[in-house]
Amino acid sequence: MADSEEFWNKWVVNGAITMYVSSIVTVLNVGIQSFMCIYGLSAFLQTPRDLRKGRLPYIAISFLILTLLALTSAFELYRQFTTMYFSGPGEEFRQAENVMYTHWSKVTSQVLMYLYMTIGDGLLLYRCYIIWQNAPWVIVLPGVMYLSFIGLTISTISRDSTGITLRDLTQIGITRKINSALSMFTFLTNVTATSLIAYKLIRAHRDFSKSLPGRNVGVYRTVTRILIESALPLSLFGFLFALFGVLQLVYVTKSPASALPFLTASMVVGIFYTNFAALAPQLIIFRVTTGRSFVRHDETEFSIHPESRLSQPIAFHSSTISGSNAVNSFTSRVGEELTKAGRVV
Numbered sequence: 025m026a027d028s029e030e031f032w033n034k035w036v037v038n039g040a041i042t043m044y045v046s047s048i049v050t051v052l053n054v055g056i057q058s059f060m061c062i063y064g065l066s067a068f069l070q071t072p073r074d075l076r077k078g079r080l081p082y083i084a085i086s087f088l089i090l091t092l093l094a095l096t097s098a099f100e101l102y103r104q105f106t107t108m109y110f111s112g113p114g115e116e117f118r119q120a121e122n123v124m125y126t127h128w129s130k131v132t133s134q135v136l137m138y139l140y141m142t143i144g145d146g147l148l149l150y151r152c153y154i155i156w157q158n159a160p161w162v163i164v165l166p167g168v169m170y171l172s173f174i175g176l177t178i179s180t181i182s183r184d185s186t187g188i189t190l191r192d193l194t195q196i197g198i199t200r201k202i203n204s205a206l207s208m209f210t211f212l213t214n215v216t217a218t219s220l221i222a223y224k225l226i227r228a229h230r231d232f233s234k235s236l237p238g239r240n241v242g243v244y245r246t247v248t249r250i251l252i253e254s255a256l257p258l259s260l261f262g263f264l265f266a267l268f269g270v271l272q273l274v275y276v277t278k279s280p281a282s283a284l285p286f287l288t289a290s291m292v293v294g295i296f297y298t299n300f301a302a303l304a305p306q307l308i309i310f311r312v313t314t315g316r317s318f319v320r321h322d323e324t325e326f327s328i329h330p331e332s333r334l335s336q337p338i339a340f341h342s343s344t345i346s347g348s349n350a351v352n353s354f355t356s357r358v359g360e361e362l363t364k365a366g367r368v369v
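Numbering-wise (the numbering used here), the sequence shown opens with residue 25 and increments by one.
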């Protein structure tokens with residue numbers, strides 16, 4: 025009995041801490057995305073009309089994701105404040121958290137969160153389709169997993185809104201399994217699309233490097249492009265989230281105390297995963313709206329390698345002569361020319 029009480033006390037403390045951290049990270053994420061959306065819109069409006077083609081939908085999606093994230097944050101802050109204000113420490117807090125789990129604010133925030141995650145994964149799949157347009161069959165597998173993720177989100181929202189999620193121990197077990205499957209499907213969707221995009225980008229970079237062996241193609245900048253375009257950080261957090269979700273499902277059947285580290289790790293990683301689910305597509309959109317990434321299949325080469333564009337910045341040869349010596353040398357030559365012409369300088 026004492027062990028069970030100690031477990032719940034630790035669980036409540038860890039839950040309260042992660043709730044607080046989640047609020048900070050989400051608000052910070054909203055601020056970052058607000059800057060990116062406004063800057064991207066400003067860059068779009070300053071772009072000539074003939075170069076804006078295909079970029080307006082990205083602007084709309086960018087502001088839509090920001091709006092969904094901001095509303096999710098607002099509803100979550102309301103729920104967290106209500107839970108903390110109208111409860112006490114320990115068991116009282118846990119009971120209040122369970123009551124608020126089926127509250128309209130929780131259900132609404134969850135719907136909005138799944139919505140921007142669906143939009144983000146859909147954007148990643150669309151980018152994968154663009155870059156693999158010559159072989160569209162490769163996106164069939166991530167497409168099926170994406171549809172499975174959507175189906176599970178609908179099931180989760182339905183269970184939460186009707187109060188089935190935490191009704192009894194049997195339903196709690198089913199909820200854990202659904203959540204684990206949900207995280208697994210979204211992870212597999214992300215990692216498959218990420219692998220396909222990264223493979224294409226790395227292969228294109230390698231081919232381009234071979235075609236111009238004597239030219240610096242900017243390895244580090246290319247790595248940055250690959251990381252952003254393939255949403256690799258999102259896949260990494262998705263993998264950890266799915267892993268800890270499975271581990272807690274395995275250990276909770278043995279002993280709740282042994283599952284506590286995995287439960288806590290799952291909550292912490294989940295904070296960053298859900299926030300990166302909104303930030304990763306924003307980073308891709310930011311590159312598109314600022315003209316650094318492709319919109320159509322025929323633009324992928326220019327996006328991967330800006331050095332391959334026909335028009336390049338003019339680079340002047342830098343002289344080894346210092347600024348003052350260069351001016352003096354130029355003045356002396358002018359004086360010599362004028363003296364030869366019969367004029368005194």
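C-beta: ideal position from N, C-alpha, C; glycine also.
**Status (buried if at least 16 other CB within 10 Å, exposed otherwise) for residue 77** = exposed
**Request:** Note down, in chain order, each residue of its chain lying with its Cβ closer than 8 Å to the Cβ of residue 191, except the 5 sequence neighbours on either side.
**Result:** none
**Asked** How would you label residue 224, buried or exposed, when you count the other beta carbons within 10 angstroms and need 16 or more for buried?
**Response** That one is buried.
**Selection from 256, 197, 207 that minimises the alpha carbon distance to residue 172** = 207
**Asked** In terms of residue numbering, what span does the alpha helix (DSSP H) encompassing residue 192 cover?
**Response** Membership of residue 192 in any alpha helix (DSSP H) is not indicated, and neither H nor E is assigned to it by DSSP.
**Prompt:** Which one of 72, 34, 93, 63 has the shortest CA to CA distance from residue 49?
**Reply:** 93
**Element boundaries [alpha helix (DSSP H), containing residue 163]** = Premise fails: residue 163 is in no alpha helix (DSSP H) and is neither H nor E.
**Message:** At the level of alpha carbons, what is the spacing between residue 125 and residue 137?
**Reply:** If I take the Cα positions, the gap works out to 15 Å.
**Prompt:** Anyone know if the C-beta pair for residue 100 and residue 47 falls short of 9 Å?
**Reply:** yes
**Prompt:** Within 10 angstroms of its Cβ, does residue 201 collect 16 or more other Cβ (buried), or is it exposed?
**Reply:** exposed
**Prompt:** What do you get for residue 128, buried or exposed, if any count of 16 or more other CB atoms within 10 angstroms of its CB means buried?
**Reply:** exposed
**Buried or exposed (CB count within 10 angstroms, at least 16 for buried), residue 335** = Confidence at residue 335 is low in this model, with a pLDDT of 39, below 50, so the placement of that residue should be treated as unreliable; the coordinate-derived value is given next. Exposed.
**Request:** Identify which residue in 311, 313, 307, 302 has its Cα closest to the Cα of residue 142.
**Result:** 302
**Request:** Along the alpha helix (DSSP H) that carries residue 128, what are the first and last residues, could you check?
**Result:** Its alpha helix (DSSP H) spans residues 128-155.
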